[in-house]
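To start, the structure itself, in structure tokens.
Chains as they are written, first to last, in our numbering: chain A, 1 to 151; chain B, 152 to 302.
Structure (structure tokens):
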């Protein structure tokens, strides 16, 4: 027990996605424009993370992120610091891989960090609602005085 | 020499993409809405292919495909059978991986097949201009009487 409160953070959604198997390989769904979670296309990019390493913390002011892990395994940690949120002060942990193949949709205002769990390199795809813009995101080091989480 | 004509097929583009390295992993660019090759967002999905296996042939009537290989190595073979094309009857081969990290944009009307070259499983991301629609694509078996290519 780490004394933190874990819950499903308001506005964060997990959407199970299909993996269609075949003799020669698989097809893994990502995001369709007709889905509820689609909030416009700004950019698609990959981020890889090595085993045990942590990238974060980052918080967006505008971007809605759609995160998918097609390779390896990644632990996402979210922290809700929004003053008007019902889940302010709460954490959410999500472990994504092909074994738990879901799309994690994160609204603006949520702190997020992620850790490589799979062997060697794990990879996420972010299909984001806007293009990368350094003026709309904030960063904190992994160890900081705002987010009381120990990786 | 296989007697086939290879060229850059009319309307097919290759766009070099950035890989930004870091201590904990990389960021790999995919597609931005502001880029010339962006023709609307319909769907993003992954397709994996095992070493030496071939998926194809497939031809779309409407879809514009944006293909990126973030993991493994894939050989794409394109065949232009468009009657009005300057490159009708020509083939194009493209080998994509992190070592040749480019986005392959394919307009409608081009036959395409792809083969896993990397060890074990290789993976492509397609950011396509429309959602999957079985009525707008045609398939041919790898061995057929229309496309004289030997994998």
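Every residue gets a Cβ at the ideal spot worked out from N, C-alpha and C, and that includes glycine.
Residues near residue 8(A) by beta carbon distance below 7 Å, same chain, minus five either side: Walking along the first chain from the start, residue 8(A) turns up at place 8. Result list for residue 8(A): 92, in chain order.
Between the region 4-30 of chain A and chain B, which residues of the former have CB atoms less than 7 Å from a CB of the latter, in chain order? Of all residues in the region 4-30 of chain A, 24, 25, 26, 27, 28, 29 and 30 have a Cβ within less than 7 Å of some Cβ in chain B.
For the putative contact between residue 150(A) and residue 114(A), defined by C-beta atoms under 8 Å, what is the C-beta separation to the nearest angstrom? Taking the first residue of the first chain as position 1, residue 150(A) is located at position 150. Taking the first residue of the first chain as position 1, residue 114(A) is located at position 114. Incorrect: roughly 15 Å between the Cβ atoms, too far for contact.
Taking the straight line between their C-alpha atoms, what separation do you get for residue 228(B) and residue 105(A)? For the purposes of this step, residue 228(B) is taken as the residue at position 77 of the second chain. For the purposes of this step, residue 105(A) is taken as the residue at position 105 of the first chain. Their backbone Cα atoms lie some 35 Å apart in a straight line.
Residues in the region 190-214 of chain B with C-beta within 9 Å of chain A's C-beta atoms, listed in sequence order? So the list reads 191, 192, 193, 194, 195, 196, 197, 198, 199, 200, 201, 204, 205 and 206, given in the order they occur along the chain.
I'd like to confirm the pairing. Which residues does DSSP put opposite residue 143(A) in its beta bridges? Here residue 143(A) is taken as the residue at index 143 of the first chain, counted from 1. Paired residue(s): none; residue 143(A) is not in a bridge.
Are the region 95-103 of chain A and the region 12-21 of chain A in contact at 8 Å, needing three or more beta carbon pairs? Between the region 95-103 of chain A and the region 12-21 of chain A, the count of C-beta pairs closer than 8 Å reaches three or more; the two stretches touch.
Determine the burial state of residue 153(B): buried for a count of at least 16 other Cβ atoms within 10 Å of its Cβ, exposed for fewer. Reading the second chain from its first residue, position 2 is the one you call residue 153(B). When all chains shown are included, residue 153(B) counts as exposed.
Can you list, in chain order, the residues of its chain with a C-beta nearer than 8 Å to that of residue 183(B)? Leave out the 5 residues immediately preceding and following it. Stepping through the second chain from its first residue, residue 183(B) is reached at position 32. The answer, listed in chain order, is 189.
Contact defined as beta carbons within less than 8 Å: I believe residue 138(A) pairs with residue 59(A). What is the distance between those atoms, to the nearest angstrom? Mapped onto the first chain, residue 138(A) falls at position 138. Mapped onto the first chain, residue 59(A) falls at position 59. Indeed they touch by this definition, with Cβ atoms about 5 Å apart.
Rounded to the nearest angstrom, what separates residue 231(B) and residue 239(B) at their Cα positions? Counting from one through the second chain, the residue named residue 231(B) turns up at place 80. Counting from one through the second chain, the residue named residue 239(B) turns up at place 88. Their Cα atoms are separated by approximately 5 Å.
Distance, Cα to Cα, residue 111(A) vs residue 82(A)? As a position in the first chain, residue 111(A) is number 111, starting the count at 1. As a position in the first chain, residue 82(A) is number 82, starting the count at 1. Rounded to whole angstroms, residue 111(A) to residue 82(A) spans 10 Å at the Cα level.
Which residues share a DSSP beta bridge with residue 68(A)? The count along the first chain starts at 1 and reaches residue 68(A) at position 68. In the DSSP output, where bridge partners are listed per residue, residue 68(A) has 125(A).
Cβ atoms of residue 200(B) and residue 267(B): under 7 Å apart, would you say? Position 116 of the second chain holds residue 267(B). Position 49 of the second chain holds residue 200(B). Against a cut-off of 7 Å, the Cβ pair of residue 200(B) and residue 267(B) comes out as a contact.
Could you tell me whether the Cβ of residue 184(B) comes closer than 7 Å to any Cβ of chain C? In the structure shown, chain C cannot be found, because the protein chains are A and B.
Within 6 Å: the Cβ of residue 282(B) and any heavy atom of the ligand PLP? This structure simply doesn't include the ligand PLP, nor any ligand for that matter.
Please return the same chain residues whose Cβ sits closer than 6 Å to the Cβ of residue 273(B), not counting the five positions on each side in sequence. Here residue 273(B) refers to the residue found at position 122 when the second chain is read from its first residue. Excluding positions up to five away in sequence, the list reads 200, 223, 224, 225 and 267.
Of the listed residues 42(A), 30(A) and 29(A), nearest to residue 185(B) (C-alpha basis): As a first step, residue 185(B) must be located in the second chain, where it is residue number 34. For the residues 42(A), 30(A) and 29(A), the minimum Cα distance to residue 185(B) belongs to 42(A).
Between residue 278(B) and chain A, is there a C-beta pair that is closer than 7 Å? Here the question's residue 278(B) lines up with position 127 in the second chain. Yes, residue 278(B) counts as interfacial toward chain A.
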